[in-house]
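Those sequence lines, one after another, are chains Z and Y.
Taking the numbering used here, the leading residue of the first sequence gets 368, the next gets one more, and so forth.
Taking the numbering used here, the leading residue of the second sequence gets 182, the next gets one more, and so forth.
Backbone N, C-alpha and C define an ideal beta-carbon position, used for all residues, glycine too.
Okay, so here's the structure we're looking at.
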Amino acid sequence: MEEKRIGVYVCWCGTNIAKMVDVEAVAAKIAKLPNVVIAKDYKYMCSDPGQEMIVKDIKEHKLNRVVVSACSPRIHELTFRKALENAGLNQYMFEMANIREQVSWVHDNREEATIKALDLVKGAVNRVNFHEALDKRSVDINPATMVIGGGVTGLSAALELADAGNKVYLVEKTGNLGGHVANIDLTFPGLNSAAEVLEPLIYKVNNHPEVEVYLNTTIDEVFGYVGNFESTIKSGGKEYELKFGNIIVATGLTPFDPGKISSYNYEKLPDVITSLELEKMLKEGNVVKKDGSEPKKIAIIHCVGSRNADYHEYCSRVCCLSALKFSNQLRSALPETNLFQIYADMRAFGKGCEEFYASTSKKDVMFLMYDQQGDLPRISKAEEDAGYEMGIEFYEKLSGEDIIVPADMVVLMVAMEAHEEAKEVAHAVGISLCGNEFYIERHPKLDPVATTTDGVYIAGTCQGPKDIPDSVSQAKAAAARILASIARGTVEVEVTTAVVNEDVCCGCQTCIKVCPYTAISFDEEKNVSVVNEILCKGCGTCGSACPTGAIRARHFTDEQILSQIEGLFSKEMQEV
Amino acid sequence: MEFEPKIVSFLCNWCSYTGADLAGTSRMKYASNIRVVRVMCSGRVDPTFVLKSFREGADGVLICGCHPGDCHYHEGNYKCLRRYHFLKKYMAQMGLNPDRLKLAWISASEGKEFAQLADEMAETIKSLGPCKVKEEMEIFD
C-alpha cells in the first residue's frame, strides 16, 4: 500500500480567521500528526499564490492527500479540488475543515476557538487518510432547456437560448405570457411604455421555431440530473414528456396583500387601492374613484409590507421609483390634483433614478415622511362635510408633528413577496428557499444565478425583489451559463454515488426499500443489490441502512466518517 | 475549571450545514462546544456514527436535517427521524441518558436558530455533566 503523505494548509483569511484562531499554533501542532508531511499557514489559501503553493508542495513533497483548513467547503472546496487536479492528484484526495463560518466568525474566545479549530483539522486529517481516488464522470448535455415562468425574465431567457439555436420549453402557469409587466403602464425612470418592452418579446417567443410555449401548465416533478432532466407535463388535456439539459426558474413574485395591515383599511374604504390597481387605471387612462368622480387629492403610501419587521424586513426595491413614476403620470393626467408622497425613506438608486427623483420633486408633489419604526399611518373616513374622503393620520418625521393628510384616493405601494407557489416549484426542481421564500443562489456575489443543484438556474424576482433591467440581466446571465455548458457539450458530475461490495452483500434488499430514487435494483442471479450510478444522487441513506456494510456511499464512507469522529477526539488535542 | 462538553454535530449538506454557515456569515456568536461533521443528508447518519461519537468521548450528539418535507433527497430526514427514536430507546437500554442525543430541523436560512440550538444543547449537556462512556469502556481497551 502506498505511503500516505498529507499536506495541511491553514488559512488566515486575512484577519478573518487569524484574529480568532491561532493559525500558526494549529499548523505547528498538526505538523506532528502521523502521515502529515507538511503543515503551513498562509494569508489567503484561495489566492493564486496560495493555490500555487499547494501545487508546488504536492510535486515537491510527493503529497498524495491535502487538507485545507479555511472557509466553508461550500465556498472553496471546488477551487482547491481544481488545484489538486492541476498538480496531477485526484481531486477527491482532498478534505476541507471549516474554521471560518463555523469557528472564527461564531466564537469570541480565542483559546476555545483555537481548540475547536484544531479538533476540526484533526478530524479532517484523519478522514483524508481514508480518501480514495474517484474517477471523473462526464455526461452529455441535452441542449434543450426548460424555462419555468413566462414573465419578462422567462421570455428574455428563452429568446437568448433559442436565438442561439437551442430548443426551449417555456412553461407558464397562467393563460398569458408577460407576467406582472403586462399589467404595467409605463416604466421608470424614462416613462416609456412597458408594452414596448414586452410585446416584441412575446411576439418573438410565440413565433420562434425553437420555442415551445405551454400555457396553463405547472411542473409537478422533474427527474434526472444536469444535462439530462425529464418531466411529464399536462397541457391542454394532453401529456408531454419533455427532456432537457438545464432549467431556468423564473417564477416571479406575488404582490403583498395590504389587508394584513389593519390601519390602512384596504377593501374597507372604497378608494384605498394598491399600486397594481392604479397601474390598471393608468393603463385604461381613467383614474377615478369608485363612485366615478375625479379624485382631487391623491396620497401614495410607501413601504406597504416592506422594511417592517412585522411583514417583510427587506426592501422591495422598485416601489419608491414606481411611486415617483405615478406622481409624474398623475400630474399629467390630473394637473389640478394635490399629490402627496408619504414615504419612509426615499431610495432612488439605479441609473437615472436619483435624477428622476429630483425632477419629480419639482412637479408640485408634497413629500412627507412617516416613521417606519413607529406607528404606521392610519387611514380613516373623513367627516361628511370635510371636503375630502379620507384622512391619513401619522407622525410627520421631518416637521416633528402629528398631521392629518386629506385624500380622496390612497395608493398603497405593495411589497414584492416570493411567489405563493415558490415552495412547490423548489421541491419539483430540487432547490432551496431562503427565509423569505425567495430562492437561494449558489453564491450571492460569485455565482448569483446558479443554485446548489447543478443545471438549475434562477433569474428575476423569484430570487429577490428587483426591477426589469435587473431581471433581464439575470435572465441573460442564466442563459449565458447554460449556453456555455451546451457549447462544451458535456459536464462533469459528482461521482460520490453509492457502490455495492458484492462479496459482502447478503441480498436483504434493505437498501432498495430506503432509496428515494429507485436507483438500486436486485440482481436475482448473483443475489446482490446493484446501484444505477446515473440515478443515484449520493445521499447515502442506503449506506446507513445496510446491515452488513456492503453498500458504501463514496466519499462519505463509514470508514471516512468514523475516522473523522476519531480525529475530533484524538489525544493530541489535550496538549493545547 | 468549568466542564466544557464536546458535542458532535452531524449536519446535512443542503439545509443545516448551510444554516450553520449562515450563522457565521451573520457573525452570530454561540458556544464553541459543537464539532461539526458534514454529511450529504441526515439520512446518512448511521446509528453507528452516534454511538462511535460517545465511544470516542463526546458528551452529546446533535443531528440536524432539513425540515420535514424539505429534504433535498425527498425523505432522508424522515429516515433519520425513525432511527433517532430507535437510538434514543437503545441509549436508555445501554444506560446512556437519551437527552445527550438531539435531533433538530435547521433550514438553510435558519442561522439564528442554529446558533440558539448550539447554545441550548451546550447548556443541556453541561447540566448532565461529562459522559462516562469512554472512561468506562477503557477497561476493555
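Look at Y/Asp240: its C-beta is not under 8 Å from any C-beta on chain Z. Comparing alpha carbon positions, the residue from Z/Ser838, Z/Gly910, Z/Ala842 closest to Z/Cys872 is Z/Gly910. In terms of Cβ geometry, Z/Ser630 and Z/Arg745 form a close pair [threshold 8 Å]. Between the C-alpha atoms of Z/Asp486 and Z/Phe936 there is a straight-line separation of about 7 Å.
Cα atoms of Y/Ile320 and Z/Glu452: separation of roughly 46 Å, rounded to the nearest angstrom.
Using a Cβ-Cβ cut-off of 8 Å, Z/Thr819 counts as an interface residue toward chain Y, since at least one Cβ of chain Y sits closer than that to its own. As the crow flies, the alpha-carbon of Z/Asp742 is around 27 Å from that of Z/Lys663. The C-alpha of Z/Thr585 lies about 52 Å from the C-alpha of Y/Leu309.
At the C-beta level, Z/Lys790 and Z/Leu779 stay beyond 8 Å of one another. Under the DSSP assignment, Z/Thr727 falls in the alpha helix (DSSP H) whose first and last residues are 720-727. Within its own chain, the residues whose Cβ lies closer than 7 Å to the Cβ of Z/Thr864, once the five positions on either side in sequence are excluded, are Val898, Glu900, Cys903, Gly905, Arg921, listed in chain order. Closest in C-alpha terms to Y/Gly246, from the list Y/Leu298, Y/Ala303, Y/Phe235, comes Y/Leu298.
Across the segment 369-381 of chain Z, no CB contact with chain Y closer than 9 Å is found for any residue. Counting along the chain, no alpha helix (DSSP H) covers Z/Val732; the unbroken beta strand (DSSP E) around it starts and ends at 732-736. According to DSSP, Y/Trp286 shares a beta bridge with Y/Gly246. In the three-state scheme derived from DSSP, where H, G and I count as helix and E and B as strand, Z/Gln708 is classed as strand. 8 Å or more divides the Cβ of Y/Gly257 from the Cβ of Y/Met302. Between the alpha carbons of Z/Leu636 and Z/Glu756 lies a distance of about 9 Å. DSSP places Y/Val314 in the helix class (H, G or I) of the three-state scheme.
DSSP places Z/Arg477 in the uninterrupted alpha helix (DSSP H) bounded by 477-495.
Pairwise C-beta distances place the segment 615-634 of chain Z in contact with the segment 513-526 of chain Z, as three or more of them are shorter than 8 Å. Between Z/Ser471 and Z/Val393 the beta-carbon gap is near 11 Å, outside 8 Å, which marks them as no contact.
Rounded to whole angstroms, the separation of the alpha carbons of Y/Phe295 and Y/Gly250 is 19 Å. If you check each beta-carbon in the segment 201-222 of chain Y against every beta-carbon of chain Z, the ones closer than 9 Å belong to Ala201, Asp202, Leu203, Ala204, Gly205, Thr206, Ser207, Arg208, Met209, Lys210, Tyr211, Ala212, Ser213, Asn214, Ile215, Arg216, Val217, Val218, Arg219, Val220, Met221, Cys222. Taking 9 Å as the cut-off between beta carbons, the residues of the segment 469-480 of chain Z near chain Y are Gln469, Val470, Ser471, Trp472, Val473, His474, Asp475, Asn476, Glu479, Ala480, in sequence order. The C-beta of Z/Gly542 has fewer than 16 other C-beta atoms within 10 Å across all chains shown, which makes the residue exposed.
Listed in chain order, the positions of the segment 223-239 of chain Y with a beta carbon within less than 8 Å of a beta carbon of chain Z are Gly224, Arg225, Val226, Asp227, Pro228, Thr229, Phe230, Lys233, Ser234, Glu237, Gly238, Ala239. Neighbours of Z/Ile807 in chain Y, taken as residues whose beta carbon is under 7 Å from its own, are Ala289 in chain order. DSSP places Y/Ile215 in the uninterrupted beta strand (DSSP E) bounded by 215-220.
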